[in-house]
Ligand SMILES: [Fe+2]
Ligand SMILES: [Fe+2]
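Pasting the structure below:
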């Protein structure tokens, strides 16, 4: 099967697997992690909401820019997924507090993604490879370490969608990259490197206060994640070395 046929099949699967917020039991008790102040917990959930909202805007740009009908069809399902994710985090927030403003570090990453004027497939690398991988890692960490059963269920459902989005990224890039000249690949790689160091800086200083270790992403974990994204860039033929995105 060609890459485009596999993308079309993924879009069909995505449509079949759409779920809705009212399939969750919203009446279960919220459980906050020990030692984490409620305002910090609310802030963490708020950033997840802001990231989902920002993804929608960038995906709309991507859907308009990618020429293949199969990619546009998949992105329509992905946009519906991200709208649902943003709404579900917002609904969860209504149980725990007021939406907090976007973190300045995260905002910088989102602004850098919006500012991209290079080839449209570069956006697929940024969103569907790098950021989807990060979202998945983040959700899996929250599922494993946070005690709230409702938040676990929210993240489990969202993570299943995000892994499909990441799958699209790989398929699409395998389709498009063989015909891309080396200088264009180098331009995208340089941008991804700068986005990663922005992302690294945004995570570096967060959750430093006492009791917040459960939310913190330590330096080693960030570095491991960078290497995993780097390994994907190597597999795609975009980078030579999986340490391309490392410690900054
Ligand atoms: Fe999402
Ligand atoms: Fe996603």
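Residue numbers (the working numbering): -8 to 239.
Ideal placement from N, C-alpha and C gives every residue a C-beta, glycine not left out.
Checklist line | 8 Å Cβ cutoff met for residue 223 and residue 120 | finding: Position 232 of the chain shown holds residue 223. Position 129 of the chain shown holds residue 120. Yes, the Cβ-Cβ distance between residue 223 and residue 120 is below 8 Å.
Notebook entry, point to check: Going by the CB atoms, is the gap between residue 156 and residue -6 shorter than 8 Å?
Noted result: The count along the chain shown starts at 1 and reaches residue -6 at position 3. The count along the chain shown starts at 1 and reaches residue 156 at position 165. The Cβ atoms of residue -6 and residue 156 do not sit closer than 8 Å to each other.
Notebook entry, point to check: Per DSSP, what kind of secondary structure is residue 203 in: helix, strand or coil?
Noted result: On the chain shown, residue 203 is found 212 positions in, with the first residue counted as 1. Correct three-state label for residue 203: coil.
Check: What do you get for residue 18, buried or exposed, if any count of 16 or more other CB atoms within 10 angstroms of its CB means buried?
Finding: Taking the chain shown and counting its residues from 1, the one referred to as residue 18 is at position 27. Exposed, because fewer than 16 other Cβ atoms sit within 10 Å of the Cβ of residue 18.
Check: Which of helix, strand or coil does DSSP assign to residue 81?
Finding: For the purposes of this step, residue 81 is identified with residue 90 of the chain shown, where counting begins at 1. Reduced to three states, the DSSP call for residue 81 is helix.
Next item on the list: Give me the Cα-Cα distance between residue 191 and residue 85, rounded to the nearest whole angstrom.
Entry: Stepping through the chain shown from its first residue, residue 191 is reached at position 200. Stepping through the chain shown from its first residue, residue 85 is reached at position 94. Rounded to whole angstroms, residue 191 to residue 85 spans 29 Å at the Cα level.
Margin query: I need the DSSP call for residue 89, collapsed to helix, strand or coil.
Written below: Position 98 of the chain shown holds residue 89. Residue state for residue 89 is assigned as coil, using DSSP reduced to three classes.
Check: Hey, residue 124 and residue 219 are a contact pair by Cβ (cut 8 Å); roughly how many whole angstroms apart?
Finding: Counting from one through the chain shown, the residue named residue 124 turns up at place 133. Counting from one through the chain shown, the residue named residue 219 turns up at place 228. Contact check for residue 124 and residue 219: beta-carbon distance about 7 Å, within the 8 Å limit, so the pair qualifies.
Next item on the list: Return the chain-ordered list of same chain residues with a C-beta closer than 7 Å to the C-beta of residue 144, the five sequence neighbours on each side being excluded.
Entry: Against the chain shown, residue 144 aligns to sequence position 153. Once the five neighbours on either side are set aside, the close Cβ partners of residue 144 are 15.
Notebook entry, point to check: If residue 110 and residue 52 are in contact, beta carbons under 8 Å, what's the gap, nearest whole angstrom?
Noted result: For the purposes of this step, residue 110 is taken as residue 119 along the chain shown, with counting starting at 1. For the purposes of this step, residue 52 is taken as residue 61 along the chain shown, with counting starting at 1. 13 Å between Cβ atoms; not a contact.
Notebook entry, point to check: Three-state secondary structure (DSSP) at residue 223?
Noted result: As a first step, residue 223 is located in the chain shown; it is residue number 232 there, counting from the start. Helix, per DSSP.
Item checked: Cβ-Cβ distance between residue 103 and residue 39 below 8 Å -> For the purposes of this step, residue 103 is taken as the residue at position 112 of the chain shown. For the purposes of this step, residue 39 is taken as the residue at position 48 of the chain shown. Against a cut-off of 8 Å, the Cβ pair of residue 39 and residue 103 comes out as no contact.
Check: Where does residue 282 fall in DSSP's three states?
Finding: As shown, the chain starts at -8 and ends at 239. That puts residue 282 outside it, with no answer to give.
Checklist line | Touch test, the segment 19 to 28 against the segment 130 to 145, Cβ-Cβ under 8 Å, three pairs minimum | finding: By the Cβ test, the segment 19 to 28 is in contact with the segment 130 to 145, since at least three Cβ pairs between them sit closer than 8 Å.
Note to self: Which same chain residues end up closer than 6 Å to residue 32 when comparing Cβ atoms and leaving out the 5 residues on each side of it in sequence?
What the structure shows: Residue 32 sits at position 41 when you count from the first residue of the chain shown. Cβ neighbours of residue 32 beyond the five flanking positions: 23.
Next item on the list: Take residue 168 and list the residues in its own chain whose beta-carbon comes closer than 8 Å to its own, dropping the five residues that flank it on each side.
Entry: The residue given as residue 168 occupies position 177 in the chain shown. Answer for residue 168: 112, 176, 227, 228, 229, listed in chain order.
Note to self: If you reduce the DSSP assignment to three classes, tell me which class residue 110 lands in.
What the structure shows: For the purposes of this step, residue 110 is taken as residue 119 along the chain shown, with counting starting at 1. The three-state secondary structure of residue 110, taken from DSSP, is coil.
Item checked: Option in 203, 207, 184 with minimal Cα separation from residue 233 -> Position 242 of the chain shown, counted from the start, is the residue given in the question as residue 233. Nearest of 203, 207, 184 to residue 233, Cα basis: 184.
Check: What's the gap between the Cα of residue 194 and the Cα of residue 96?
Finding: Taking the first residue of the chain shown as position 1, residue 194 is located at position 203. Taking the first residue of the chain shown as position 1, residue 96 is located at position 105. The alpha-carbon atoms of residue 194 and residue 96 are separated by roughly 8 Å.
Notebook entry, point to check: Going straight from the alpha carbon of residue 81 to that of residue 60, what length do you get?
Noted result: In the chain shown, residue 81 corresponds to position 90, counting from 1. In the chain shown, residue 60 corresponds to position 69, counting from 1. Rounded to whole angstroms, residue 81 to residue 60 spans 32 Å at the Cα level.
Next item on the list: Indicate the three-state DSSP secondary structure (helix, strand or coil) for residue 198 in the structure shown.
Entry: Within the chain shown, numbered from 1, the residue matching residue 198 stands at position 207. Residue state, collapsed to three classes: coil.
Note to self: Whole angstroms are fine: how far does the CA of residue 160 sit from the CA of residue 49?
What the structure shows: The residue given as residue 49 occupies position 58 in the chain shown. The residue given as residue 160 occupies position 169 in the chain shown. The straight-line gap from Cα to Cα measures roughly 14 Å.
Checklist line | Residue nearest to residue 78 in terms of C-alpha spacing, selected from 4, 44, 122 | finding: For the purposes of this step, residue 78 is taken as residue 87 along the chain shown, with counting starting at 1. For residue 78, the nearest C-alpha among the options comes from 44.
Margin query: ligand 2 and residue 69: does the residue's C-beta get closer than 7 Å to at least one heavy atom of that ligand?
Written below: Counting from one through the chain shown, the residue named residue 69 turns up at place 78. Under cutoff, so the answer is yes.
Notebook entry, point to check: Should residue 41 be counted as a contact of ligand 1 given a C-beta to heavy atom distance under 7 Å?
Noted result: What you label residue 41 is simply residue 50 of the chain shown in a count that begins at 1. Result no, Cβ not under 7 Å from ligand 1.
Check: Given residue 90, which residues of its chain have a CB within under 6 Å of its CB, disregarding the five upstream and five downstream residues?
Finding: Position 99 of the chain shown, counted from the first residue, corresponds to residue 90. If we look at residue 90 and ignore the five residues flanking it on each side, its Cβ neighbours are 37, 84.
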